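Just so you know, we're using my numbering here: the sequence shown kicks off at 250 and counts up by one.
Built from N, CA and C at the ideal position, the CB exists for glycine as well.
What you are looking at is a predicted structure, and each value in this text was computed from that prediction instead of being measured.
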Amino acid sequence: TIIDAPGHRDFIKNMITGTSQADCAVLIVAAGTGEFEAGISKNGQTREHALLAFTLGVKQLIVGVNKMDSTEPPYSEPRFEEIKKEVSSYIKKIGYNPAAVAFVPIS
250 TIIDAPGHRD
260 FIKNMITGTS
270 QADCAVLIVA
280 AGTGEFEAGI
290 SKNGQTREHA
300 LLAFTLGVKQ
310 LIVGVNKMDS
320 TEPPYSEPRF
330 EEIKKEVSSY
340 IKKIGYNPAA
350 VAFVPIS
């Protein structure tokens, strides 16, 4: 079963409901300059959603690094690696094993 939980703050209740039924989550992280930084910031949605997923019992995580076509240059490997490093650091703090998390560049 696939459950598409919305990422917008106005729908956080729906996200919690969907996530609580999941075995695995795909966390979508925007790669665009400014977008990633906002999401990974102290009160950012990337942090919030990763923490909620772990807290609600989702132990398997996949990270989709979205909008890779909007990086400079497009599909920048250094940008992907920077995002992977930052997200790995955060998810390790909340209880995930970054070595067991797949990071996938997407657009």
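Buried or exposed: where does V314 fall if 16 or more other Cβ atoms within 10 Å of its Cβ makes it buried? buried
From I345 to E286, what does the alpha carbon distance come to, in whole angstroms? Note on identity: in this sequence residue 345 is Tyr, with Ile being the wrong assignment. One C-alpha to the other measures close to 21 angstroms.
Roughly how many angstroms separate the alpha carbons of G281 and Q270, rounded to a whole number? 30 angstroms
Can you tell me whether I311 is buried or exposed? The criterion is at least 16 other CB atoms within 10 Å of its CB, across all chains shown. exposed
Spatial distance of Q309 from C273 (CA atoms): 5 angstroms
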